[in-house]
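Taken in sequence, the protein lines are chains A and B. The opening position of the first sequence corresponds to residue 7 in this note's numbering, with each subsequent residue numbered one higher. The opening position of the second sequence corresponds to residue 7 in this note's numbering, with each subsequent residue numbered one higher. We put the beta carbon where it would ideally sit given N, CA and C, even for glycine. On a predicted model such as this, the values are computed, not experimentally measured, just so you know.
Protein chains: 2
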Amino acid sequence: MSEVKKKAYLAKEASHKLASITTEQKNNALTAIADALVLNKESIIEANKIDLMNGKQNGLSKSLQDRLALSTDRIIAIADGLRQIVDLKDPIGKTIEEIRPINGLYIKKITVPIGLIGMIYEARPNVTVDAAGLCLKSGNAVILRGGTSALSSNIRIVEIMHDVLDKTDIPKDVIQLISNPDRSSVNEMLTLNGLVDVVIPRGGASLIQNVIQNATVPVIETGAGICHTYIDKEANLTMATNIALNAKIQRPSVCNAMETLLLHKQFAETHFPQLANLYREENVDLKGCAKAKQLAPWINDATEDDYNTEYNDYTLNIKIVEHIEEALIHIKTYGTHHSECIVTENSQNAELFLHAVDAAAVYHNASTRFTDGFEFGFGAEIGISTQKLHVRGPMGLEALTSTKYRIHGTGQTKK
Amino acid sequence: MSEVKKKAYLAKEASHKLASITTEQKNNALTAIADALVLNKESIIEANKIDLMNGKQNGLSKSLQDRLALSTDRIIAIADGLRQIVDLKDPIGKTIEEIRPINGLYIKKITVPIGLIGMIYEARPNVTVDAAGLCLKSGNAVILRGGTSALSSNIRIVEIMHDVLDKTDIPKDVIQLISNPDRSSVNEMLTLNGLVDVVIPRGGASLIQNVIQNATVPVIETGAGICHTYIDKEANLTMATNIALNAKIQRPSVCNAMETLLLHKQFAETHFPQLANLYREENVDLKGCAKAKQLAPWINDATEDDYNTEYNDYTLNIKIVEHIEEALIHIKTYGTHHSECIVTENSQNAELFLHAVDAAAVYHNASTRFTDGFEFGFGAEIGISTQKLHVRGPMGLEALTSTKYRIHGTGQTKK
C-alpha cells in the first residue's frame, strides 16, 4: 500500500476516535503543542536550515525563501496562533436547527466534523501548524501535503506534534504528513474517494488548477483574487485615495490586494494625475487604458491580458469608465469572485454595486484587504474560498464542519 | 460552439438578470407554468408516447417505462409540485449573520443564488419540472440534461415553460435543455468551470460515478443508500417489527429503504423466526448470516457482496450481532452515510448510536424511509446529498443558495 493510502486509512480510523474527545482535551493538546513548538524551536530552525540550503541550491526565489524561513519570532507567532485557536468556541455538536414536522418526528440538525481533510500547500511551514490546529479543534483528521522544499521543517514540526499527542488521549494518527516528494502523491490523495472527505488546496494558480482538474473527491477552491476598486463620481477624495493606496500597497502579494482600479471619468479627470503620482512615489508600476494615458502619459499600456492577471506585486491596472454600469461589466468580465469595492457617497450606487457584484466579499467604502478570517472576527482561517459551495470567503472553524440530522421517533413508519 | 457551451453561456448571462426579479414575479411565473402544463397536457402526453414507443423498442425495463410514463394525473401532480414551491419562502436575500469586528466594519452575510446549476438525471420527466421550479424560485439558472429516453417529453415540457417565461420579465434562457443525446454532452457540462457553478447528478450508481470521476466543476453527490436498521436487545417488539417491515417494503426502490437488518442476538433468538415469516408473506427474499440461517434455515446465504449491494428491491440481508458495537462496525464498514436507524428502549444505546454513526440521517425508533425533503418539512427537494460539503441529507431550496459578505465601511484601510 502506498504511503498516501496507508496514512489516509490511519487518519480516517483515528478521526472516529476524535468524536469522543472533549473540547477541554482538544484545547489542552493544542496548548501543549504550542508549548512544545517553542520549547523545541532550535531543532525546528535546524531542520529549516536544511530546507533553506536546498532551496538556495535549487534556485528558490527570494520571496519563496522568505516564506519558507523560520526564526524564533516566527515560531513564537505560530505557537500564538494555536493559542488563539484554543480560545475559539468548539464548532462541533452545535444544534443549528430543530424541526418538528407533522409526521411527529423530532429532528435536530447538529454540526459534526467533516472527517478527513486533505491539505495541499506550498513551502510555508506555518500552514502545517495552522491547518493541523484548526482541524484538531474542529474534530477532523488531516493529511498534510506541503511543498517539498519545506519537507525537512514539516517533518520536524509533525514529530513534535506527534510527541505531544502521544501523551494525550488523542490518537496521533489524526495528523499525517506525506513525505513522498513526488507529485504522484498529490494526485493519489485527490482520488481517495470514501477516505478523504475534502481537499483544500492553498497556493498559486497552478497548484490549485492541478487539484481542480484531477480531484474526484470534493474540493474547496481557494485563492485566486483579481480584486477591483471602483471609485465613483461622488467619492470622497481623501477616503478614495486612502483606500486605493491601501488596497494596492499595504501587502501586494496577497489574494485580497487590488489588481485593477476603476475610476469614474469625472473623478479621474480631476484627481487621477495626482493619484498616479502617489502610486509612482510608492514604486507602483501603472498600466492604463487610453483615457488614463491621456491624463498621465508616462504610464504603460494595459492590455486584455493585464486585466486578467493577478500580479500579487507592485503593478496596477487603471481603467477609466463612463459610468458605474461599465465598472460592473468590467468586474463581471475579469473578476474572480473574490473581493470587490466601491468608494462612493451615493447610497443608491453603493446598493447597486453591493447587489450586482457576484463575489465572496463586496465592500462599500473600505479596503478589499479586509477579506481575511482574522479581520472578520473568525479568529483564524484555513484559507479563503472562492467557490460558491459549502463556504464562501474566509474559512474559519465553522467551514470545517458538516451536519447530521438526528431524528427521534416514537415508532413512526412511512404511510 | 457546442450546444452545451452555448446554452451554458446563455443561461449564465440570464442568471444575472434573475437577480433583480422579485419573489412575486418568480411566484407568478411558477403558477403560470403550472397552469400551462395542465392546459397543454395532451401535447405532453403525445410527446411522451414517442418516448415510450422508443423505450419499448430499445428494451427499456418495465420499471423504467413506468418512471417515464406521463398521464393526466401525473401531469396534475407535477403542476401541484410547482404550486407547492410557490408557497415556500424565498430563500434569497436572507441575512444569516451580522458581524461587527473591532476594525469598525459592519459585515452582513446574506444568501444569494449559486448561479448556474447543472442537473444530470435519468428518464424521469417530472425531474425536469421539479428542478426548473426549484432553481427558478432560488434565483438560479439551470441547464438540464435528462435521460435520452425522455427527450421528446422534456423538449415539449421545456417549450411550454419557455412560452410562459416569454410573457414575463424573466428571461427564458434561465432554463436550458440539452438535446444532444450523446454522452459527450454530459462530460462537456462537467468541465465548464467558470460557467457551471455546480452539477447535481440524480440517478443510478453508474450515472453518479461518471459525474464524480469526470467533473472538474463542484458536484453535490446524491443517491446511494445502503441503509441499515439495528434492532437492539431492549427493543419494543411491535415497534421493531413495524419499522423493520416499513423500511424494507413500503417502497423498496428508493434510496432510503433498508438493505440490511441487524439484529441483537437476544432479540433474534426470540423473534427472528416470526419476523422472517412476515417478510416471506411480503415476498421479501432474505439472505442471512450463519446465525440467522440457524433460526430460519430456509433463507439464503448473505455474502460480503450482498452487504455491499443496494438492492432497491424486495431483497434483504439479515445479520445477527453480539452487541451494539458489532452493529456499529458493520454500519461503518458497509454503510453509505445515508440513513441508519436503531430501535431500542435503552436511551444510552440510542445516544451511542446517534453519536457514533456517521450518516446524513440517524434515526432512533423511526423508519429510515423518512429521509426526504417533504417529510422533513422542506416542501420540496432536488435530491438527497450523501456528501459532507455544502449540504447533507435532503436538499430543499436552501441547498440551492450560496452566501455573500456585504461589507459596509467608513473609509477603513488595513493597518
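Checklist line | A367(A) and Y112(B) closer than 8 Å at C-beta | finding: no
Item checked: Nonlocal neighbours in the same chain, by C-beta distance under 6 Å from L334(B), ignoring five residues either side -> A362
Check: Just curious, the beta strand (DSSP E) that I237(B) is in, first and last residue?
Finding: 233-237
Notebook entry, point to check: chain B beta carbons: is any one of them nearer than 8 Å to that of F278(A)?
Noted result: no
Notebook entry, point to check: Mind listing which residues of the segment 222-235 of chain B have their C-beta closer than 9 Å to chain A's C-betas, in chain order?
Noted result: T222, V223, P224, V225, I226, E227
Next item on the list: State the CB to CB distance for the pair I184(A) and E9(A), rounded to an integer number of angstroms; the pair is presumed to be in contact (CB under 8 Å).
Entry: 6 Å
Notebook entry, point to check: If you draw a straight line from the C-alpha of K420(B) to the C-alpha of G383(A), how long is it?
Noted result: 14 Å
Notebook entry, point to check: Would you say the segment 227-240 of chain A touches the segment 311-329 of chain A, given that touching needs at least three Cβ pairs under 8 Å?
Noted result: yes
Next item on the list: Name, please, each residue of chain A whose Cβ falls closer than 7 Å to the Cβ of Q219(B).
Entry: T222
Notebook entry, point to check: Going by the beta-carbon positions, is the gap between F376(A) and I413(B) smaller than 8 Å?
Noted result: yes
Notebook entry, point to check: How many angstroms separate the CA atom of S21(A) from the CA atom of I123(A)?
Noted result: 10 Å
Note to self: Taking 8 Å as the threshold (C-beta atoms), are I324(A) and I305(A) in contact?
What the structure shows: yes
Item checked: Runs of beta strand (DSSP E) lying entirely within the segment 334-378 of chain B, each at least 3 residues, in chain order -> 345-349, 367-372
Next item on the list: Using a Cβ cut-off of 7 Å, pull out every chain A residue sitting near M245(B), in sequence order please.
Entry: G417
Check: Terminal residues of the continuous alpha helix (DSSP H) containing R80(A)?
Finding: 78-93
Margin query: Can you confirm whether A362(B), when its beta carbon is compared against all beta carbons of chain A, has any partner nearer than 8 Å?
Written below: yes
Check: Is E103(B) helix, strand or coil when you go by DSSP?
Finding: strand
Note to self: Quick check on this structure: which residue in R398(B), S49(B), K178(B) has the alpha carbon closest to the alpha carbon of V118(A)?
What the structure shows: R398(B)
Next item on the list: Find out if the Cβ-Cβ distance for the pair V44(B), I81(B) is shorter than 8 Å.
Entry: yes
Item checked: Proximity to I120(A) [Cα-Cα], best of K299(A), G99(A), G87(A) -> G99(A)
Next item on the list: In angstroms with no decimal places, state the Cα-to-Cα distance between I116(A) and D57(A).
Entry: 43 Å
Next item on the list: Compare the C-beta of L111(A) against all C-beta atoms of chain C and say whether one is closer than 8 Å.
Entry: Considering every chain present, this structure includes no chain C. Its protein chains are A and B.
Note to self: For the segment 190-206 of chain A against the segment 220-229 of chain A, do three or more pairs of beta-carbon atoms, one drawn from each stretch, fall closer than 8 Å, so that the two count as touching?
What the structure shows: yes
Margin query: Would L94(A) and G389(A) be called neighbours here (beta carbons separated by less than 8 Å)?
Written below: no
Next item on the list: Only counting runs of 3 or more residues, tell me where the beta strand (DSSP E) segments fall wholly within the segment 139-173 of chain A, in order along the chain.
Entry: 147-151
Margin query: Residues of chain A with CB closer than 8 Å to the CB of V204(B), please, in chain order.
Written below: K394, L395
Notebook entry, point to check: Along chain B, in chain order, which residues have C-beta atoms closer than 9 Å to that of A367(A)?
Noted result: I113, K410, Y411, R412, I413
Next item on the list: Taking C-beta pairs closer than 8 Å, name the residues in chain B that A372(A) reaches, listed in chain order.
Entry: L111, I413, H414, G415, T416, G417, Q418, T419
Check: Are the C-beta atoms of P107(A) and some chain B residue less than 8 Å apart?
Finding: yes
Item checked: chain A residues whose Cβ lies nearer than 7 Å to that of G383(B) -> I105, P107
Checklist line | Unbroken alpha helix (DSSP H) run spanning N323(A), endpoints | finding: Segment 321-327 is the beta strand (DSSP E) holding N323(A); no alpha helix (DSSP H) there.
Note to self: Quick check on this structure: which residue in G152(A), M59(A), E19(A) has the alpha carbon closest to the alpha carbon of V205(A)?
What the structure shows: G152(A)
Item checked: Where M7(B) falls, given that 16 or more other Cβ within 10 Å makes a residue buried -> exposed
Next item on the list: In angstroms with no decimal places, state the Cα-to-Cα distance between T37(B) and I126(B).
Entry: 25 Å
Checklist line | Inter-residue Cα distance where the pair is D378(B) and I149(B) | finding: 24 Å
Margin query: Contact criterion: CB-CB distance below 8 Å. Does F376(A) meet it with respect to chain B?
Written below: yes
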